[in-house]
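A.B. asks: For the record, in the sequence shown the residue sitting at position 51 is 63 according to my numbering, with numbers rising by one throughout. All residues carry an ideal CB built from backbone N, CA and C; glycine is no exception. Because the structure is a prediction, the values reported are computed rather than measured.
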Amino acid sequence: MNPIVKSFFDTATATFTYVVYEKEGSSCAVIDSVLHFDQRSGRTNSSSVEPVVAFIESMKLRVEWILETHAHADHLSAAQLIKKQLGGKVAMSQHIQKVQTTFKGIFNLEGSFIPNGSQFDYLIQDDEQLLCGDLIFQCFGVPGHTPACMAYQFSDSIFVGDTLFPPDVGTARCDFPGGDASSLYRSIKRILSFPDETKLYMCHDYPPPGRKIQSFSTVALQRKDNIHIYDGVSEDEFINMRKNRDATLEMPILILPSIQINIRAGHFPPKESNQVSYLKLPLNIL
Ligand SMILES: [Fe+2]
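(1) Considering only DSSP beta bridges, list what GLY173 is partnered with.
(2) May I have the straight-line CA-CA distance separating VAL17 from TYR218, to the nearest angstrom?
(3) Leaving aside the five residues before and after VAL181 along the sequence, list all residues of the same chain whose C-beta is less than 6 Å from its C-beta, in chain order.
(4) Return the Cβ separation of ALA85 and VAL102 in integer angstroms, given the expectation that the two are a contact with Cβ distance under 8 Å.
(5) Buried or exposed: LYS292, going by 16 or more other Cβ atoms within 10 Å of its Cβ?
(6) LEU196 by DSSP, collapsed to three states: which one?
(7) Count the other CB atoms, across all protein chains shown, that sit within 10 Å of the CB of GLY54; report buried if there are 16 or more and exposed otherwise.
(8) Just to confirm, are PHE21 and ILE225 a CB contact at a threshold of 9 Å?
(9) Return yes when at least one heavy atom of ligand 1 lies under 8 Å from the C-beta of GLY156, else no.
(10) With a threshold of 16 other CB atoms inside 10 Å of the CB of LEU147, please say whether the residue is buried or exposed.
(11) Beta carbon of GLY173: closer than 8 Å to some heavy atom of ligand 1?
(12) If VAL111 sits next to GLY190, beta carbons under 8 Å apart, how far is it from one beta carbon to the other, in whole angstroms?
(13) Using a Cβ-based criterion (distance less than 8 Å to any ligand heavy atom), does ASP237 qualify as near ligand 1?
(14) Inspect the beta-carbon positions of ASP139 and SER105 and report whether they are closer than 9 Å.
(15) Please report how far the alpha carbon of ARG198 lies from the alpha carbon of PHE119, in whole angstroms.
(16) Quick one: does the C-beta of CYS215 sit closer than 8 Å to a heavy atom of ligand 1?
(17) Between the stretch 60-74 and the stretch 252-263, do at least 3 Cβ pairs fall closer than 8 Å?
(18) Can you give me the C-alpha to C-alpha distance between PRO127 and PHE152, rounded to a whole angstrom?
(19) Counting C-beta neighbours from all protein chains within 10 Å, is the total for LEU261 16 or more, i.e. buried, or is it exposed?
(20) Check whether the stretch 232-240 and the stretch 29-48 touch, using three or more Cβ-Cβ pairs below 8 Å as the test.
(21) Return the CA-CA distance between PHE166 and THR210, expressed in angstroms with no decimal places.
(22) Quick one: grab the DSSP three-state call for ARG223.
(23) Select from GLN131, VAL31, SER130, ILE241 the residue whose C-alpha is nearest the C-alpha of LEU196.
(24) Closest to LYS283 by C-alpha separation, out of ASP187, SER124, CYS144, would be which residue?
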C-alpha cells in the first residue's frame with residue numbers, strides 16, 4: 013500500500029518535515045520535525061511545528077512514530093513537543109549510541125547522560141521492519157553523513173535523510189565527527205538500487221536561484237542527473253569530490269545547540285539548581 017506524504021518546509025533551516033499516513037483517521041509517522049531556535053536569545057518556539065500539529069489534528073491522525081533520520085546538526089528536533097501534544101514513540105537508529113559517545117566526549121556531558129540510546133523510546137535495528145497502523149515500513153542504515161543515519165521505506169517512497177539532495181544540489185557532507193565518504197557512497201548506491209520510479213524524499217533542499225524547493229526526486233532522476241553521484245561516478249572520485257568540497261564548507265550555524273538537544277532525543281539538558289537548562293560552547297574543538 014502506497015502512503016500519502018504531506019511535506020512541510022522550515023525556511024530557517026531548509027529542512028523538510030514529513031507526515032506519512034494511509035488515510036484520514038489512520039496512524040501516521042512524523043519524520044524529522046523542527047523546533048525553532050533563536051540563536052541570539054537562546055529561545056525555542058513551536059512556530060515550525062505548529063503547521064504539522066494542525067495538519068495531524070485536522071486529518072484526525074494518530075501519531076504512532078516520531079522518526080529521526082539522524083542526529084541533525086542544523087536544527088533542533090521537535091520530537092518531544094510532538095510527543096507531548098500528540099503522543100507517539102520517538103525512534104531512530106540504534107547507532108545513535110556511537111554519536112552519543114562521540115559527543116558526550118566533545119561536550120563533556122554530565123555523568124548521568126548514558127550514551128546507550130535510552131533517551132529514545134525505541135532504537136531501530138538495521139534492516140528492521142516496523143508497522144505504522146496498516147503501513148509496513150522498512151528501515152535501513154545509510155551511514156556516511158553520520159554513523160546513525162537511517163532511511164525509511166514506505167512502499168514506493170523512501171525518506172533518505174541526509175544522503176542525497178535534489179540532483180542539482182548533490183549529496184550530504186561527510187566531515188562531521190564519525191562521517192565517512194566511502195560509507196556514504198555505498199549507502200547512496202543502496203538507495204539507488206531501488207526501482208527507477210521510487211520516490212526519494214529528502215531532508216533538505218538548498219535550491220539555486222530561480223528554482224522552487226523540491227522535496228523529492230526519483231531513483232531514475234538521481235542516477236541520471238545528481239551532480240555528485242550520477243551513474244558512472246566511482247567511489248574514489250566521489251570520496252575525492254567530498255573531501256575537497258567538505259574542506260570549503262563552514263560548520264552549520266546551529267550545530268552546537270542542535271547536537272546537544274538531538275542526541276538527547278529532543279530533551280533539553282537537565283535543569284541546573286536555578287531551574288534553567290544550559291547549552292555548552294566548546295572552544296576550539298569543532
Ligand atoms: Fe544532517
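C.D. replies: Put simply:
(1) Answer is MET214, bridged to GLY173.
(2) Distance between VAL17 and TYR218, taken at the CA atoms: about 21 Å.
(3) Excluding positions up to five away in sequence, the list reads TYR218.
(4) 18 Å between Cβ atoms; not a contact.
(5) By the 10 Å Cβ count, LYS292 comes out exposed.
(6) It is helical.
(7) If you draw a 10 Å sphere on the C-beta of GLY54, you find fewer than 16 other C-beta atoms in it, and that means exposed.
(8) Yes. Within cutoff.
(9) No, Cβ of GLY156 sits at least 8 Å from all heavy atoms of ligand 1.
(10) Within a 10 Å sphere around the beta-carbon of LEU147 sit 16 or more other beta-carbons, which makes this residue buried.
(11) Yes, Cβ of GLY173 sits closer than 8 Å to a heavy atom of ligand 1.
(12) VAL111 to GLY190, Cβ: 6 Å. Contact.
(13) Of the heavy atoms belonging to ligand 1, none sits nearer than 8 Å to the Cβ of ASP237.
(14) In this structure, SER105 does not lie closer than 9 Å to ASP139 by Cβ.
(15) Taking the straight line from one Cα to the other gives about 30 Å.
(16) CYS215: yes, Cβ under 8 Å from ligand 1.
(17) Segments in contact, no.
(18) Each residue's Cα considered, the two are about 21 Å apart.
(19) It is exposed - the Cβ of LEU261 has fewer than 16 other Cβ atoms within 10 Å.
(20) The stretch 232-240 makes no contact with the stretch 29-48, as fewer than three CB pairs between them are under 8 Å.
(21) Distance between the alpha carbons of PHE166 and THR210: 10 Å.
(22) In this structure, ARG223 counts as coil in the three-state DSSP scheme.
(23) Per the Cα distances, ILE241.
(24) Relative to the Cα of LYS283, the nearest Cα in the group ASP187, SER124, CYS144 belongs to SER124.
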